[in-house]
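Asker: Please see the structure below; I have some questions.
In the numbering used here, the protein residues as written are 74 to 256.
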């Protein structure tokens, strides 16, 4: 197997980033770690990575907003977006903005490598819809995420579009997303 190449790992969770960087290094990648948008862009300029693993939430920043800037610096950059707050809306938005793949945490290093290298045949397709209809609370969460993304994460504007008070929207966003169940 040939050496995969330089990889930029962008995640605000230092422990997760360090563990994943070690695992990727063991699999042949040369990994640089950034914990925020500014250092990610600086490393992208400096190192010209072939791959990037980007977390959706970078503290107060949004990883989706970083996608176009990374691609402007490195047009052939293969980007994998990771998130602990997976939704169909953010997956579709990530693909539209230039991510090549999208995975929900927790993930293992082999899944990350497969997604980065485009193995498994699913990397460049839009996410498929679930077999069973998700619960209403899950649909509400995804709709809120879609509107929030359309408003560039402006809570006040998203609340206005959703017909909610700003504080009500903030409370809804503070809750964990509803997990889909099989029954």
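By construction, the Cβ of each residue, glycine as well, lies at the ideal position given by its N, Cα and C atoms.
Keep in mind it's a predicted model, so treat the numbers as computed, not measured.
1) Are there 16 or more other CB atoms within 10 angstroms of the CB of residue 125, so buried, or fewer, so exposed?
2) Between which two residues does the alpha helix (DSSP H) harbouring residue 84 extend?
3) By DSSP, does residue 180 sit in helix, in strand, or in coil?
4) So what's residue 130 in DSSP terms, helix, strand or just coil?
5) Are the beta-carbon atoms belonging to residue 234 and residue 220 less than 8 Å from one another?
6) Considering residue 246, what are the terminal residues of the alpha helix (DSSP H) in which it resides?
7) Roughly how many angstroms lie between the CA atoms of residue 77 and residue 151, to the nearest whole one?
8) Please classify residue 150: does DSSP put it in a helix, a strand, or coil?
9) DSSP beta-bridge partners for residue 217?
10) Along the chain, where does the beta strand (DSSP E) that runs through residue 105 open and close?
11) Kindly list the residues whose CB is nearer than 7 Å to the CB of residue 116, restricted to its own chain and excluding five residues on each side of it in sequence; keep chain order.
12) Near residue 175, which residues of its chain fall below 6 Å by C-beta distance, leaving aside the five closest residues on each side in sequence?
13) Let me make sure I understand the geometry here. Which of 130, 103, 110 has the alpha-carbon closest to that of residue 177?
14) Measure the alpha-carbon distance for residue 203 versus residue 215 and round it to whole angstroms.
Answerer: On the basis of the coordinates in this document:
1) Translated into the one-based positions of the chain shown, residue 125 becomes position 52. With 16 or more Cβ atoms within 10 Å of its Cβ, residue 125 is classed as buried.
2) As a position in the chain shown, residue 84 is number 11, starting the count at 1. Looking at the DSSP string, residue 84 is not in any alpha helix (DSSP H), and its letter there is neither H nor E.
3) The residue labelled residue 180 in the question sits at position 107 within the chain shown. Coil at residue 180, not helix or strand.
4) Start at 1 with the first residue of the chain shown, and residue 130 comes out as number 57. Strand, per DSSP.
5) Looking up residue 234 in the chain shown gives position 161. Looking up residue 220 in the chain shown gives position 147. Between residue 234 and residue 220, the C-beta spacing is below 8 Å.
6) Position 173 of the chain shown, counted from the start, is the residue given in the question as residue 246. Here the alpha helix (DSSP H) through residue 246 covers 239-247.
7) Here residue 77 refers to the residue found at position 4 when the chain shown is read from its first residue. Here residue 151 refers to the residue found at position 78 when the chain shown is read from its first residue. So the two alpha carbons sit approximately 12 Å from each other.
8) Numbered from 1 along the chain shown, position 77 holds the residue referred to as residue 150. Three-state DSSP puts residue 150 in coil, outside helix and strand.
9) Counting from one through the chain shown, the residue named residue 217 turns up at place 144. Beta-bridge pairing links residue 217 to no other residue.
10) Here residue 105 refers to the residue found at position 32 of the chain shown. Here the beta strand (DSSP E) through residue 105 covers 102-107.
11) By 1-based counting over the chain shown, the position of residue 116 is 43. Once the five neighbours on either side are set aside, the close Cβ partners of residue 116 are 81, 105, 107.
12) The sequence position of residue 175 within the chain shown is 102, counting from 1. Closer than 6 Å at the Cβ level, and outside the excluded window around residue 175, lie 154, 164, 167.
13) In the chain shown, the residue the question calls residue 177 occupies position 104. Taking only the C-alpha atoms, the option nearest residue 177 is 130.
14) The count along the chain shown starts at 1 and reaches residue 203 at position 130. The count along the chain shown starts at 1 and reaches residue 215 at position 142. Low confidence applies here, because residue 203 scores a pLDDT of 47, under 50, leaving its location unreliable and the question unanswered by this model.
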